[in-house]
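Novice: Just remember that my numbering sits 13 ahead of the position in the sequence shown, which is counted from 1. What follows is a single structure, and I will ask about it in a moment.
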Amino acid sequence: MMSVLYVVGTPIGNLNDFSPRAIETLEKVDFIAAEDTRVTLKLLNHFGIKKEMVSYFEHNKLQRGEIITNRILNGETCAIVTDAGMPCISDPGELLIMQCEEKGIPTIVIPGPTAFASALAISGLPTGRFTFEGFLSVNKKSRKEHLESLINEERTMLFYEAPHKLSNTLKDFANYFPNRKLSIVREITKIHEEVIRTTTDKAYEDYGETGLKGEIVLVLGGKPHKEEEETYTLSDAVEMAKKLIENGEKATTASKEIASLTGFKKNEIYKELL
Numbered sequence: 014m015m016s017v018l019y020v021v022g023t024p025i026g027n028l029n030d031f032s033p034r035a036i037e038t039l040e041k042v043d044f045i046a047a048e049d050t051r052v053t054l055k056l057l058n059h060f061g062i063k064k065e066m067v068s069y070f071e072h073n074k075l076q077r078g079e080i081i082t083n084r085i086l087n088g089e090t091c092a093i094v095t096d097a098g099m100p101c102i103s104d105p106g107e108l109l110i111m112q113c114e115e116k117g118i119p120t121i122v123i124p125g126p127t128a129f130a131s132a133l134a135i136s137g138l139p140t141g142r143f144t145f146e147g148f149l150s151v152n153k154k155s156r157k158e159h160l161e162s163l164i165n166e167e168r169t170m171l172f173y174e175a176p177h178k179l180s181n182t183l184k185d186f187a188n189y190f191p192n193r194k195l196s197i198v199r200e201i202t203k204i205h206e207e208v209i210r211t212t213t214d215k216a217y218e219d220y221g222e223t224g225l226k227g228e229i230v231l232v233l234g235g236k237p238h239k240e241e242e243e244t245y246t247l248s249d250a251v252e253m254a255k256k257l258i259e260n261g262e263k264a265t266t267a268s269k270e271i272a273s274l275t276g277f278k279k280n281e282i283y284k285e286l287l
């Protein structure tokens, strides 16, 4: 094998999704850079692979990247894997690719399962154009800015979410994207795989308190074209603004955001709120 970095996709649930080429690659490389060596060990044991591993995760990626690239430059081959899915896609690996590029190290991808693409395919929402948004920030300011930037997005949007954070995200979706189509895709390729096709309002009503278990991908419908948009009354706009205020927004900010969604003037909505 050439002295390269192999980017290897791993199963997101069902181990039978691990490709023969991926198995062959892990068998032949000199060492493996793993997000969690304990998780990767289970995968290696399942396929009877014995290989040296080094940990490579969010908090050691800069230092370990230097070590990994230096080993490759000295003639070794490495495969990077994450706990599930494709490295670099909301998982460690992006920086390592950049370090390889800087040092002239070739990179070869060994494709594997990707949660967001699988969820999009079975979501029932438009797939021709979409945007992958990853995980929403837990920082209030960054999260607010991210959500506001997507209010007028017309493409289908995909988000990853942890089950213990789902309630807050559904609440935000109901506030920022009222009555939009939403598919909640959970436990992809696992025993309890499920697609819940609903709306943002209904999803928050049904799962805002109880939540859902498992690994989750949220597939959110984009803003409808004007001819498809709902006709809002001023009363609707005021109620939508009230929801944002209940979520901590100032009346002026809520009026401005809802004005951009409904077509009413900011002052009209603000006056009714007062």
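The beta carbon of each residue, even a glycine, is placed where N, CA and C say it ideally should be.
1. Under a Cβ-count criterion, where at least 16 other Cβ atoms within 10 Å of its own Cβ denotes burial, should Ile175 be classed as buried or exposed?
2. Check for me: the alpha helix (DSSP H) holding Val251 runs from which residue to which?
3. Could you compute how far the alpha carbon of Val52 sits from the alpha carbon of Asp96?
4. Between which two residues does the beta strand (DSSP E) carrying Gly361 extend?
5. Which partner residues of Thr266 appear in the DSSP bridge assignment?
6. Quickly, what does DSSP pair Arg199 with across the bridge? List them, please.
7. Using DSSP with H/G/I as helix, E/B as strand and the rest coil, what is Val17?
8. State buried or exposed for Ala267, treating a residue as buried only when at least 16 other CB atoms are found within 10 Å of its CB.
9. Counting C-beta neighbours from all protein chains within 10 Å, is the total for Lys112 16 or more, i.e. buried, or is it exposed?
10. Do the stretch 163-178 and the stretch 221-234 meet, that is, are 3 or more Cβ pairs less than 8 Å apart?
11. Please state whether DSSP places Ala47 in a helix, a strand or coil.
12. Measuring from the CB of Val232, is there a heavy atom of the ligand FMN at a distance below 8 Å?
13. In whole angstroms, what separates the C-alpha of Asp185 from that of Lys157?
14. Please identify the residue among Arg77, Thr23, Thr50 whose C-alpha is closest to the C-alpha of Glu37.
15. Please classify Leu287 as buried or exposed, where buried requires at least 16 neighbouring CB atoms within 10 angstroms.
16. Tell me which same chain residues have a C-beta within less than 7 Å of the C-beta of Arg210, skipping the five on either side of it?
17. Assuming the contact rule is C-beta atoms closer than 8 Å, Cys101 and Phe44 should be a hit. Round their C-beta distance to whole Å, please.
18. Rounded to whole angstroms, what's the CA-CA distance from Glu107 to Ala47? Just pull it up for me.
19. For Met99, would you say it is in contact with chain B, using Cβ-to-Cβ distances shorter than 9 Å as the test?
20. Looking at the structure shown, is Phe172 part of a helix, part of a strand, or coil, going by DSSP?
Specialist: Per the coordinate set shown:
1. First, the residue type needs correcting, since residue 175 is Ala and not Ile in the sequence shown. Result: exposed.
2. Where Val251 is concerned, the enclosing alpha helix (DSSP H) stretches over 247-259.
3. Val52 and Asp96: Cα-Cα distance of roughly 6 Å.
4. For residue 361 there is no data in the structure shown, the boundaries of the chain being 14 and 287.
5. Among the bridge pairs identified by DSSP, Thr266 is matched with none.
6. Paired residue(s): Glu207, Ile229.
7. The DSSP-derived three-state label of Val17 is coil.
8. Classification for Ala267: buried.
9. Here the sequence assigns Gln to residue 112, which means Lys is not the residue at that position. By the neighbour-count criterion, in which 16 or more other beta carbons inside 10 Å mark a residue as buried, Gln112 falls on the buried side.
10. With a cut-off of 8 Å, the stretch 221-234 and the stretch 163-178 count as touching, because enough Cβ pairs lie within range.
11. Ala47 falls in the strand class under three-state DSSP.
12. The ligand FMN is not part of this structure, which contains no ligands at all.
13. Their Cα atoms are separated by approximately 9 Å.
14. When each option's Cα is compared against that of Glu37, the closest is Thr23.
15. A residue is called buried when at least 16 other Cβ atoms come within 10 angstroms of its Cβ; Leu287 does not meet this threshold and is exposed.
16. Closer than 7 Å at Cβ, skipping near neighbours: Gly137, Ser196.
17. Contact flag wrong, Cβ pair sits at about 19 Å.
18. Their backbone Cα atoms lie some 14 Å apart in a straight line.
19. Of the protein chains in this structure there is only one, and it is not chain B.
20. The three-state reading of DSSP puts Phe172 in strand, counting E and B together.
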